[in-house]
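Asker: Quick mapping for you: the protein sequence lines, in order, are chains A and B.
Sequential numbering of the first sequence, starting at 426, is according to my numbering.
Sequential numbering of the second sequence, starting at 4, is according to my numbering.
Beta carbons are placed, not taken as given, at the ideal position from N, Cα and C, and that holds for glycine.
Just passing along the structure, written as structure tokens.
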Amino acid sequence: MKTPNAARRHSLWKAAAVAALVAGAALSAALAQAQQAKAPIVIGMLEDTSGGASFYSQLTANAVRVAVEEVNAKGGVLGRPIKLLEESDGNNPSQAPALVSRMIQNGAKVILLNSGSASAVASKKTLLDQKVPGIASTNIDTRIGSPPDNDYAFMLPNPITDIGTIYAAAFQKMGVKTLAVISDDSPTIAGINGLLLPKIQAAGVTMVAQEKAPLDANDVTAQVLRLKEKNPDVVLVSSLGGQLEVLFENTLYQQMRKTPRFSLASIGNQPATWALAQANALDGLVYVASVATNNPRSATLTKLLAAKLGSKFKALTAYEAQGYDAVQIVKLAIEKAGVDDPILIKTAIEHISGFKPSFGSANFTISFSPTKHIGTDGLCGLVLMQFKGNKPEAPWKTYQAKCD
Amino acid sequence: MPAQLLVSIVEIGCFFALIALSYLIVLYGAGFFHFALGPYAMFSALGAAYWLSVDEWPLWLACLSGAAAATLLSVLTELLVVRPIEKRADGEELPGLIAVVAVMFAVSQLGGWLFGRRPLPGQPWIDLEEPIEWGSAVISGQAVATLLVTLALFGALAAWLRWSRYGQWLRAVGENQQAARTMGFPVARIRLVAFAVGGLIAGVAGPLFSSKAGVSFESGLSYSLFGFIAFVIGGTGSVWGPLAGGLFLAALQIVASYVFGSPSLNYATLIAAVLFFAFRPEGFFARRVRH
């Protein structure tokens with residue numbers, strides 16, 4: 426039998442042990458919380474380092490890295506640094522869902538979709554299944570931000586249907602009756618053509634010829650001569666850009682010099698490719714740009730990228746501006762959400778309104794809502810530019826979209 | 004048919020012909036189908052494009068370095084891969100062929116690793132201020148350069164095979180290595196020369212052609228395929244066979260694309276390959292067998 430003193434001592438030991446346990450637990454919880462507080466917030470980036478989309482994907486990726494570095498230098502988000510995970514699908518949409526899943530398994534709370542549009546479309550279902558938001562920074566396929574399965578998919582730039590709208594209006598103003606189209610055979614461009622061309626045809630323009638060439642084509646003379654035989658009023662080049670678009674433009678310049686040429690957003694936003702064209706081969710070409718001279722944020726970003734990227738930076742393009750803006754939107758959403766929970770971040774993105782991006786004209790804004798996952802507010806994110814001396818020279822004088 | 008198509012046929016045909024010629028030289032000297040020659044052409048073109056655009060080397064130095072790299076790769080393939088494997092396989096060809104297929108992929112990846120995985124542009128060897136107008140066709144300086152270099156290489160190879168000691172030995176070794184060894188020919192050295200010359204031709208062809216459509220680390224596989232089909236069509240009976248095969252294949256591809264649209268290019272290539280394999284495997288120029 427224990428004496429009262431011994432029993433008291435025993436109780437004291439028990440109390441001390443419990444207190445130590447509680448203190449230990451509290452300490453480890455606090456430590457864990459402190460660690461959590463400093464643990465990086467992971468963002469995934471799907472890109473293309475080697476395929477047909479690499480010409481623009483890497484411009485975007487460079488700007489994303491600069492934006493992440495800038496955010497981290499200023500203290501991160503919620504006091505935590507951003508860690509960027511990168512995966513390349515080589516512009517192969519069949520690989521994209523697995524790579525997106527892999528980044529999510531490795532802790533990504535948001536995915537930036539910077540490969541081809543077809544990869545972004547292919548990733549929508551995965552984002553929905555895993556309940557992690559994805560933002561297509563530069564992809565223009567309208568299907569990315571549209572139903573079905575778009576609950577977790579957002580897009581930043583004006584969709585291809587907007588480009589169709591302004592080209593339809595431009596062709597009407599020019600009195601264009603017939604159009605010939607030459608494209609690459611990538612899944613991304615197949616999807617884009619399916620949305621773009623009906624818009625232009627609905628404006629009364631007849632498509633008299635449509636030719637395709639493989640991404641690794643060595644020669645497109647036969648295709649261009651087939652277009653030439655139909656004597657179209659204008660030619661539209663619909664491609665991912667890069668070397669193949671240069672081959673298209675060189676051959677069109679050689680064979681159809683007098684026919685006005687139009688392009689999508691690719692070649693005009695890829696400064697490295699301009700030098701690959703034959704002398705004057707790009708002159709007169711009209712393309713869809715997204716950087717306006719009157720946007721002060723574009724000028725600020727130009728200075729930042731020039732300082733950070735050095736000789737890698739040639740000129741500010743839509744791809745860089747949109748990559749940079751995508752990171753700012755993610756930062757804003759995480760701050761609004763207050764935590765790095767993907768579902769809450771998705772809800773926060775849906776409540777971003779009136780965001781002023783680095784691309785588009787000065788008064789152009791981006792807003793999302795639960796029913797609007799394509800961020801652009803109007804057509805002011807698009808500017809039609811024209812080449813001279815194998816460089817974009819000035820806004821096209823014949824037509825520009827009206828900015829409300 | 005528009006005259007412009009003829010210009011394209013000559014440009015592409017010459018490239019296919021040069022790759023086919025490099026196949027022929029290795030076959031003559033080593034009795035071996037050297038499928039890695041396409042990736043060597045890619046490696047040379049990608050290296051030259053990288054040195055030109057990134058390191059800003061002069062054109063001649065970049066192209067010369069690319070051709071030297073391709074030659075070295077070809078020699079190393081013989082020394083480190085084909086020869087040891089054939090030795091272990093007791094002269095069996097299949098293990099060596101499989102190893103060379105592996106080399107194709109290894110060289111492609113090596114090119115991507117060293118020079119980047121993004122396509123790079125080539126530069127024209129003759130840059131005319133104004134292209135030459137020939138009827139309704141327009142001929143670029145590079146088209147002229149491609150034709151001249153191709154004819155010069157074919158002419159030089161034909162003369163070398165006919166009049167040089169090594170050129171004459173080359174055929175003897177390719178036809179029967181055992182007999183050549185018995186007769187005292189330096190078989191190992193002759194094989195090495197064949198691999199080196201094959202690599203050199205592919206190494207010149209790559210930068211020559213890349214100014215037309217650029218080059219990426221994945222280009223080598225299609226170079227190998229089209230070069231091989233041109234080689235089969237041309238046959239092994241004459242050093243000019245690959246030129247005939249290359250021009251025939253290019254004509255088929257370009258005319259099919261023009262008449263039936265671009266998807267027909269691959270069908271035309273496939274049909275040509277099947278028809279020649281099935282009905283005329285010896286190609287246009289059959290090899291005469293000495294009795």
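In whole angstroms, what is the alpha-carbon distance linking residue 294 (chain B) and residue 174 (chain B)?
Answerer: Caution is warranted here: a pLDDT of 48 is assigned to residue 294 (chain B), below 50, making its placement in the model unreliable, and the coordinate value is therefore given only provisionally. Computed Cα separation, rounded: 15 Å.
Asker: Kindly identify the DSSP beta-bridge partner or partners of residue 603 (chain A).
Answerer: Answer is A:631.
Asker: Are the C-beta atoms of residue 217 (chain B) and some chain A residue less than 7 Å apart?
Answerer: So, interface residue.
Asker: Taking 7 Å as the CB-CB cut-off, is residue 643 (chain A) touching chain B?
Answerer: Answer yes: the Cβ-Cβ gap between residue 643 (chain A) and chain B drops below 7 Å somewhere.
Asker: With H, G and I counted as helix, E and B as strand and the rest as coil, what does DSSP make of residue 504 (chain A)?
Answerer: If DSSP states are grouped into helix, strand and coil, residue 504 (chain A) belongs with coil.
Asker: Tell me which residues share the same chain as residue 102 (chain B) and place their Cβ nearer than 8 Å to its Cβ, disregarding the 5 neighbours each side in the sequence.
Answerer: Excluding residues within five positions, the ones whose Cβ falls inside 8 Å are 84, 85, 88.
Asker: Which residue wins for smallest C-alpha separation from residue 65 (chain B), given the options B:221, B:176, B:181, B:124?
Answerer: Checking every option, the nearest Cα to that of residue 65 (chain B) belongs to B:124.
Asker: So, are the CB atoms of residue 748 (chain A) and residue 562 (chain A) less than 7 Å apart?
Answerer: Yes. Within cutoff.
Asker: So, is the C-beta of residue 635 (chain A) closer than 7 Å to a C-beta in chain B?
Answerer: Not an interface residue.
Asker: Name the two residues that bound the continuous beta strand (DSSP E) containing residue 54 (chain B).
Answerer: First-last for residue 54 (chain B): 40-56, but that is the alpha helix (DSSP H), not the beta strand (DSSP E).
Asker: Of the choices A:555, A:602, A:628, whose alpha-carbon is the least far from that of residue 591 (chain A)?
Answerer: Of the listed residues, the one whose Cα sits closest to residue 591 (chain A) is A:628.
Asker: Please name the residue in A:537, A:614, A:800 whose C-alpha comes closest to that of residue 752 (chain A).
Answerer: Here the closest residue by C-alpha is A:537.
Asker: Return the residues of the region 108-120 of chain B that lie within a Cβ-Cβ distance of less than 8 Å from chain A, sorted by chain order.
Answerer: If the cut-off is 8 Å between Cβ atoms, the region 108-120 of chain B has 115, 120 near chain A.
Asker: I'd like the span of the alpha helix (DSSP H) that includes residue 215 (chain B), first residue to last.
Answerer: 190-216 is the extent of the alpha helix (DSSP H) around residue 215 (chain B).
Asker: Residue 141 (chain B) CB to nearest chain A CB: under 7 Å?
Answerer: It does: the Cβ of residue 141 (chain B) has a partner Cβ on chain A nearer than 7 Å.
Asker: For residue 261 (chain B), count neighbouring C-beta atoms within 10 Å of its own C-beta (all shown protein chains included) and say buried if the count is 16 or more, exposed if not.
Answerer: So residue 261 (chain B) ends up on the buried side.
Asker: Between the alpha carbons of residue 111 (chain B) and residue 225 (chain B), how many angstroms are there, rounded?
Answerer: Rounded to the nearest angstrom, the two C-alpha atoms are 11 Å apart.
Asker: Assign residue 812 (chain A) to one of two classes, buried (16 or more other C-beta atoms within 10 Å of its C-beta) or exposed (fewer than that).
Answerer: Buried, by the Cβ-count rule.
Asker: Can you tell me which of the three DSSP states residue 426 (chain A) falls into?
Answerer: Residue placement at residue 426 (chain A) is poorly supported in this model, since its pLDDT is 48, which falls under 50; the coordinates still yield a value, given next. Looking at residue 426 (chain A) - three-state DSSP - the assignment turns out to be coil, as it is neither helix nor strand.
Asker: Please name the residue, chosen from A:761, A:565, A:623, that lies closest to residue 546 (chain A) on a Cα-to-Cα basis.
Answerer: It is A:565 whose Cα lies nearest to the Cα of residue 546 (chain A).
Asker: For the region 667-681 of chain A, list every residue whose C-beta sits within 8 Å of some C-beta in chain B, in sequence order.
Answerer: Listed in sequence order: 667, 668, 669, 671, 672, 679, 680.
Asker: Taking C-beta pairs closer than 7 Å, name the residues in chain A that residue 122 (chain B) reaches, listed in chain order.
Answerer: Result: 667, 668.
Asker: Would you say residue 7 (chain B) faces chain A, with C-beta separation under 7 Å as the test?
Answerer: It does: the Cβ of residue 7 (chain B) has a partner Cβ on chain A nearer than 7 Å.
Asker: Run the CB neighbour count on residue 794 (chain A), radius 10 Å, all protein chains shown included, and call it buried at 16 or more, exposed below.
Answerer: Per the 10 Å Cβ criterion, exposed.
Asker: Considering Cα atoms alone, identify which of A:523, A:790, A:517 is closest to residue 543 (chain A).
Answerer: Out of A:523, A:790, A:517, A:517 has the C-alpha closest to the C-alpha of residue 543 (chain A).
Asker: Out of B:201, B:147, B:33, B:29, state which residue places its alpha-carbon closest to the alpha-carbon of residue 2 (chain B).
Answerer: A question about residue 2 (chain B) goes unanswered here, because the residues of chain B that appear run from 4 up to 294.
Asker: For chain B, check one thing: does any of its Cβ atoms lie closer than 7 Å to the Cβ of residue 647 (chain A)?
Answerer: Yes, residue 647 (chain A) counts as interfacial toward chain B.
Asker: If we require 3 or more residues per run, which beta strand (DSSP E) segments fall completely within the region 474-559 of chain A?
Answerer: The qualifying runs are 507-513, 535-538.
Asker: Quick one, are the C-beta atoms of residue 550 (chain A) and residue 767 (chain A) less than 7 Å apart?
Answerer: No, these two residues do not count as a Cβ contact at 7 Å.
Asker: With residue 605 (chain A) and residue 671 (chain A) assumed to form a contact (beta carbons below 8 Å), what rounded beta-carbon distance in angstroms separates them?
Answerer: Going by Cβ atoms, the distance from residue 605 (chain A) to residue 671 (chain A) rounds to 19 Å, so no, they are not a contact pair.
Asker: Suppose you measure from the CA of residue 816 (chain A) to the CA of residue 708 (chain A); what does that come to, to the nearest Å?
Answerer: Whole-angstrom Cα-Cα distance: 8 Å.
Asker: Whose C-beta lies closer than 8 Å to the C-beta of residue 680 (chain A) among residues of the same chain, with five residues either side of it excluded?
Answerer: Closer than 8 Å at Cβ, skipping near neighbours: 646, 649, 650, 653.
Asker: Can you tell me where the beta strand (DSSP E) holding residue 686 (chain A) begins and where it ends?
Answerer: Where residue 686 (chain A) is concerned, the enclosing beta strand (DSSP E) stretches over 686-688.
Asker: By Cβ distance below 7 Å, which residues in the same chain neighbour residue 10 (chain B) in space, the five residues on each side in sequence not counted?
Answerer: Contacts found: 140, 142, 146.
Asker: Would residue 88 (chain B) count as contacting chain A if we go by Cβ distances under 7 Å?
Answerer: No, no contact with chain A.
Asker: Would you verify that the beta carbon of residue 482 (chain A) is, or is not, closer than 7 Å to some beta carbon of chain B?
Answerer: No, its Cβ sits nowhere closer than 7 Å to a Cβ of chain B.
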